[in-house]
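Protein chains in written order, with the working numbering: chain A, 1 to 249; chain B, 1001 to 1250; chain C, 2001 to 2079.
Just so it is clear, CB atoms sit at the ideal spot from N, CA and C, and this is done for glycine as well.
Here is the structure we will look at, set down as structure tokens.
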Amino acid sequence: MWQWFFRLGSPKWFYEMSGKWLPWLFVLMTALLSVGIVWALLYVPQDYQQGDTIRIMYVHVPVASISLACFPLMAVAGIITLVWKMKLADMVAKCAAPIGAWFTAVALATGAIWGQPIWGTWWAWDARLTSMLIQFFLLIGVIALRSAIESTDAAAKACALLSIVGAINVPIIKYSVEWWNTLHQPASNFSMAEDSPMGPEIWVPLVIMIFAVYCFFVISLILSTRNEILERERRSQWVVDLIADERTN
Amino acid sequence: MSEASKTSHSSLFKKELGALGVDQEQVSTFAAFSATLRRDLLIALKRRNDLLNPLMFFLIVVSLFPLGVSSDPQELTRIAAGAVWVSALLASMLSLDNLFRADYEDGSLEQLLLSPQPLYFMVLAKNISHWLISGLPVVLLAPLLAYMLYLPADAYWTLVLTLLLGTPVLSLFGAIGVALTVGLGSRGLILAVIVLPLTVPVLIIGAKAVTDASLGLPLGMHFSLMGALLALSLSLAPLASAAALKISVN
Amino acid sequence: MFDNIQFASVGEFFQMGKYTFHVWSVYGLFAVFLFVNLFKPRMQRRQFIREQRQKALRDKQIAQQSVEQERADALGEGQ
């Protein structure tokens, strides 16, 4: 029963399988993205309060929601690393940290741009932006720890532990920041988009964009994990053969 | 590293065990716990400088705020709670460095890891002694510095109580970061980069409790949240630190 | 299909109401983000393969040289 699980843990198997998945994922992402972006930019009706800034939502919300998935992913990979000592899990965790930091940074930037017309300022200590910022710091901490430890094995375990501790902390931070923010100042009207009932002409393109960005996340994670596999397995015969067979381009 | 710690570590441990009248082979968890605690306290008391440094740092950082912001009492009153809390946070970060460092360098940390007692209690003992040495003085000095920043008199007890509940949480969280980085040659700022984001909830709750106390608002929620954080970190953080020590030392 | 488009003209589309900068900077940022994250791994992969090839080539040359050296030494001793 566990056989598939450990086969999945073999970097070579993953490399070969992901090579087959990638073109399909790429086609799926391109299709979803083009439909989603055209729909969001051309067909979504203007919001009666926000006007055309509602189109920012179709980038900001998918990116932000996927950046929230990054810490749980790293924590699960960390548990697998610590319990089953699976190398592939650590490679995924290592690659997920910088990608997650990218997603968080883009979510912060787009959130700030979306907030500007509403708040009249580029940065507000809004509960969501603040907890996103702290999540960004946590990710930077994991990346810094990874680069500080020289031994790959020790770095894997240390980062796994830090990711688990961070993942436990993320909800606590989120809760405390919300509590701090709601009592400090009146609740921002940033959540307007969720309060008002959304018709299908609003949420269908949003769902499409969320799936598109999810595909993008998976693709970029697979791409950098494949590089990491080649890097770490460069002495094994299958990688040597693969490099010899690769067409020069 | 000072001479005192070099000579005393492992021999002191044995002496402590002897004083407690126990065979080294069959030490109860409690005996080992109190022996570790007493040993660490004794070493710390012999190194006066380490004792004073966090306090001095705390004092200096707090006195930077009036210089940097303004000497106007009203403005200082507004920032007092946050300034004292942020300074306490930084002081406890700074003192974290010598939590496992000396033990790692002279090898007694490895012995601790090899001991048959549950590592949770050993790490907890180290945490408690570290907090008694570097956290408690900061808490006791805080009212004086709060007075210098014109904190309203109503908030003094809240400040001391939240610091009493909060600084152990800082030590416990910090210990995880120290344990993860103890084997690194050049650590620089990495400890702060790892640990500071984790301490955000403590800072938020603590500073807010003090601010609300000075405004005369009810504080039940703040204390229960802080208590919950302390309970959570007391039960989980030493486990994480123990695991981190095992990773770093091997 | 074209009736549902929210903009009357291309100019209006590019203007995005009052929010020209806001909307287009977000979509521009998103495009850069996509581009960087999809192409950086590819570049790294190419770089890695190139390096490994050169290394393999170098190793081969060194091996060949040492073989030739040995042969030359053997010849020298024979004479």
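Any Cβ of chain B within less than 8 Å of the Cβ of residue i?
| i | result |
| --- | --- |
| S176/A | yes |
| A148/A | yes |
| V165/A | yes |
| I284/A | Residue 284/A is absent from the model: chain A starts at 1 and stops at 249. |
| A158/A | yes |
| Q185/A | Its pLDDT being 45, under 50, Q185/A is placed unreliably in this model, and the value from its coordinates should be taken loosely. Answer no: the Cβ-Cβ gap between Q185/A and chain B never drops below 8 Å. |
Compare the C-beta of residue i with all C-beta atoms of chain C and state if any pair is closer than 8 Å.
| i | result |
| --- | --- |
| W102/A | yes |
| F14/A | no |
| V207/A | no |
| A109/A | yes |
| E233/A | no |
| A193/A | Only weak support is given to the placement of A193/A: the predicted model assigns it a pLDDT of 47, under 50, and the question is left unresolved by the model. |
Output yes if chain A places a C-beta closer than 8 Å to the C-beta of residue i; else output no.
| i | result |
| --- | --- |
| K1126/B | no |
| I2062/C | no |
| A1044/B | no |
| V2010/C | no |
| F2030/C | yes |
| V1182/B | no |
| V1193/B | yes |
| L2057/C | no |
Give a yes or no on whether the C-beta atoms belonging to residue i and residue j are separated by under 8 Å.
| i | j | result |
| --- | --- | --- |
| S1087/B | V1061/B | yes |
| I243/A | H2022/C | no |
| G2017/C | Q46/A | yes |
| S141/A | I1247/B | The question names Ser, but residue 141/A in the sequence shown is Gly. The answer is no: Cβ separation not under 8 Å. |
| Y58/A | L206/A | yes |
| Y1150/B | T1077/B | yes |
| S1113/B | L162/A | As written in the sequence, residue 1113/B is Leu, which differs from the Ser given in the question. Against a cut-off of 8 Å, the Cβ pair of L162/A and L1113/B comes out as no contact. |
| S147/A | P1201/B | no |
| L1145/B | V1084/B | yes |
| A212/A | L33/A | yes |
| A1091/B | V1138/B | yes |
| S1108/B | A1032/B | no |
| A160/A | A109/A | no |
| M209/A | P62/A | yes |
| I172/A | P1197/B | no |
For residue i and residue j, I'd like the C-alpha separation in whole angstroms.
| i | j | result |
| --- | --- | --- |
| V76/A | M86/A | 12 Å |
| G111/A | N1250/B | 43 Å |
| S188/A | W21/A | Legend: pLDDT at S188/A = 43, less than 50; position of this residue unreliable, value from coordinates given subsequently. So the alpha carbons of these two residues sit roughly 43 Å apart. |
| F1058/B | L1203/B | 15 Å |
| I37/A | A2008/C | 18 Å |
| L223/A | S18/A | 9 Å |
| V1160/B | M1226/B | 13 Å |
| A1240/B | A1207/B | 27 Å |
| D1072/B | A1209/B | 23 Å |
| L1047/B | M2043/C | For the record, residue 1047/B in the displayed sequence is Arg; it is not Leu. Rounded to the nearest angstrom, the two C-alpha atoms are 54 Å apart. |
| I143/A | C95/A | 10 Å |
| M192/A | L2029/C | For M192/A, the predicted model reports a pLDDT of 47, less than 50, meaning its position is unreliable; a value from the coordinates is still stated below. Approximately 24 Å, taken between the alpha carbons. |
| P1238/B | D1106/B | 22 Å |
| G78/A | L1230/B | 25 Å |
| I2005/C | L221/A | 35 Å |
| D1154/B | I1133/B | 28 Å |
| S984/B | V44/A | Past the edges of chain B, shown from 1001 to 1250, lies residue 984/B, and the structure says nothing about it. |
| F2013/C | G9/A | 49 Å |
| L1052/B | T1162/B | 22 Å |
| F190/A | A2056/C | With a pLDDT of 46 at F190/A, under the threshold of 50, the predicted position of this residue should be treated as unreliable, though the coordinate-derived value follows. Those two C-alpha atoms are separated by around 57 Å. |
| T104/A | V204/A | 24 Å |
| F1100/B | T1029/B | 20 Å |
Starting from residue i, trace the alpha helix (DSSP H) both ways and give me its first and last residue.
| i | result |
| --- | --- |
| A1032/B | 1029 to 1046 |
| P1152/B | That residue, P1152/B, is in no alpha helix (DSSP H); it is neither H nor E in DSSP. |
| F1100/B | Unbroken run through F1100/B: none, as it is neither H nor E. |
| I210/A | 200 to 232 |
| N1127/B | 1119 to 1130 |
| L88/A | 87 to 119 |
| Y58/A | 54 to 84 |
| T1211/B | 1200 to 1214 |
| K20/A | 11 to 38 |
| A1243/B | 1220 to 1249 |
| E2016/C | In the sequence under discussion, the amino acid at residue 2016/C is Met, which differs from the Glu named in the question. Segment: none, M2016/C is in no alpha helix (DSSP H) and carries neither H nor E. |
| V1193/B | 1190 to 1195 |
| F137/A | 127 to 148 |
What distance in whole Å lies between the Cβ atoms of residue j and residue i, which are believed to be in contact at a cut-off of 8 Å?
| i | j | result |
| --- | --- | --- |
| S67/A | A97/A | Rounded, the Cβ-Cβ distance is 12 Å, inconsistent with contact. |
| A1044/B | S1129/B | 7 Å |
| T1158/B | L1232/B | Not confirmed; about 21 Å, so no contact. |
| R235/A | M91/A | That pair is no contact at about 16 Å. |
| L139/A | A101/A | 4 Å |
Hey, is residue i close to the ligand FMN, as in C-beta under 7 Å from one of its heavy atoms?
| i | result |
| --- | --- |
| A160/A | The ligand FMN is not part of this structure, which contains no ligands at all. |
Please name the residues in the stretch 128 to 142 of chain A whose beta-carbon is closer than 7 Å to at least one beta-carbon of chain F, in chain order. Looking at the structure shown, chain F is missing, and the protein chains on hand are A, B and C.
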